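The structure appears below as structure tokens.
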DNA sequence: AATAAATATTAGTAGTATCTAAAATAATGT
DNA sequence: ACATTATTTTAGATACTACTAATATTTATT
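Residue numbers (our numbering), protein chains in the order written: chain A, 1 to 218; chain B, 1001 to 1218.
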């Protein structure tokens, strides 16, 4: 059984491994976890003894298979709870992270299995991130610009490229938020403008807008 | 903000206060929490400094108003989560306690408020225990054992006393669940056995069964 | 390559929560 | 009332996690 602190380290390292190839640095972990590098060294050495990660002094760390599985399971729980909070309890998408950070550490496989079923086995969380399956497998999913989608393709809004407040207000007014389900209804060849469906609403957007919205597609 | 350990102490003392009048003993707390009396003394002194309880050496402790409110809130969360686990995720009654012990420490008033609403503001948990309101007030429970009802009295099943799985399966088979409307059709003087009506079905139960079913009467 | 800067580790300290063993206090029996 | 027993507290130790300050290693710069 792993402690709350251990689970958080594993989860963070798991996320960092996707960006930093060939070993995650102590500093990177410290920055991400808002802690001191010395604390990270301590914990990483402890986790290395438990064989959930590989560690060579001054050389960074890599999760072992076991470590990855544990981390993916924490992330699975986090994302399933986020779905619950947004879909069932109607939380706004941007308020759920902190709560899910707590719920992800609740220990009960049966609970997660039932929650998964109750939510009808979702593949993505409200931020568009994929939910690992119970074995820790994550479906490959790619983040694309809305402007790269073709007619009839769908995606979930996962973020924006430019984030000045005018642009965010524009999105807000049109009910485009992180987690919004978007479908391309039509695309103009000449200027790249689009007719899209957001939830139940249809609207027309210019290429400039479509160039600044990231979607995850499946 | 109170730690997990602190919340557990407050909760335990809250429960013990109902039985032991005039100060809860160190030993009683230690037994209930499966810990050592010396650990209890340490914690109780710490909590006394935080003014959530009153403590006089060798004389036991009593919660202050603040302490009671914190404890009641933890219990509120515990019981609401139990309702969620049983009613929404269809857990058997006897498997939810351990999970609720973890969920009760998740910190978010908004979460509990939304959960409460989603569950349609339940008054009792699956064991028939009353759920404190957000101010820590507990409705005086009109909870009775089925065996205490007389002929022609009615009630709604709100919980069970013993919750081993055989008993729960027995209830399950006879369609006795939380919310079931039960009417006493007849009661034997000698052995306390009863003929009851559950919904549209009539059935005969022994006193042992009737002793383990809690009803809310009106 | 030598030095400066950045990064990482170690050593020693602190807070939380727990424990064991010993000492203090309260309760009980004769 | 006194001795015995039960309960409670204190003192000191341990595990966990994080910190600061000092040291070591790696990387970048000139």
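No residue lacks a Cβ here, since even glycine has one placed at the ideal position from N, Cα and C.
This one's a predicted model, so the numbers in the text were calculated from it and none came from an experiment.
Closest in C-alpha terms to residue 1004 of chain B, from the list B:1043, B:1037, B:1212, B:1139, comes B:1043.
Using a Cβ-Cβ distance cut-off of 8 Å, the stretch 1018 to 1029 of chain B and the stretch 1055 to 1070 of chain B are in contact, since at least three pairs of beta carbons, one from each stretch, lie closer than that value.
Residue 1082 of chain B counts as buried, since no fewer than 16 other beta carbons sit within 10 angstroms of its beta carbon. Below the 7 Å Cβ cutoff, chain B contributes 1099 as neighbours of residue 108 of chain A, in chain order.
In the structure shown, residue 1001 of chain B falls within a coil segment according to DSSP collapsed to helix, strand and coil. Below 8 Å, too few C-beta pairs join the stretch 1002 to 1019 of chain B and the stretch 157 to 175 of chain A to call them touching: fewer than three. As a beta-bridge residue in DSSP terms, residue 186 of chain A pairs with A:195. Contact check between the stretch 102 to 118 of chain A and the stretch 143 to 150 of chain A: fewer than three CB pairs, one atom from each, fall below 8 Å, which does not count as touching. Taken residue by residue, none of the stretch 1135 to 1146 of chain B has a beta-carbon sitting less than 9 Å from a beta-carbon on chain A. Going by beta carbons, residue 1167 of chain B and residue 1201 of chain B fall outside the 8 Å limit. If only complete runs of 4 or more residues are kept, the stretch 1102 to 1166 of chain B shows the alpha helix (DSSP H) at 1109 to 1118, in order along the chain. Identification of chain A residues near residue 1118 of chain B by a Cβ-Cβ cut-off of 9 Å yields 88, 89, 90, ordered along the chain.
The three-state reading of DSSP puts residue 216 of chain A in strand, counting E and B together. Between the C-alpha atoms of residue 1030 of chain B and residue 1039 of chain B there is a straight-line separation of about 8 Å. Looking at the DSSP output, residue 1061 of chain B sits in a beta bridge with B:1024, B:1055.
Apart from the 5 residues on each side of it in sequence, residue 1205 of chain B sits with its Cβ closer than 7 Å to the Cβ of 1193, 1194, 1196 in its chain, given in chain order. Taking residue 69 of chain A as reference, the option from A:108, A:19, A:179, A:52 with the minimal CA-CA separation is A:52. DSSP, reduced to helix, strand and coil, places residue 1091 of chain B outside both helices and strands of the structure shown, so it counts as coil. Taking a contact to require three or more Cβ pairs closer than 8 Å, the stretch 176 to 194 of chain A and the stretch 129 to 140 of chain A do not qualify as touching.
For residue 1203 of chain B, the enclosing beta strand (DSSP E) has its first and last residue at 1201 to 1205.
Judged by beta-carbon spacing, residue 175 of chain A lies within the 8 Å limit of residue 198 of chain A, meaning their Cβ atoms are closer than that value.
Residue 181 of chain A sits in a strand when the DSSP states are folded into three classes. Taking a contact as a CB-CB distance under 8 Å, the pair residue 1217 of chain B and residue 1153 of chain B counts as one, their CB atoms being some 7 Å apart. In the DSSP annotation of this structure, the continuous segment of the alpha helix (DSSP H) that includes residue 46 of chain A starts and ends at 37 to 49. Taking 8 Å as the cut-off, the beta carbon of residue 131 of chain A is found closer than this to the beta carbon of residue 79 of chain A. For residue 1169 of chain B, there are no C-beta contacts with chain A under 8 Å, since the nearest C-beta of that chain is about 18 Å from it.
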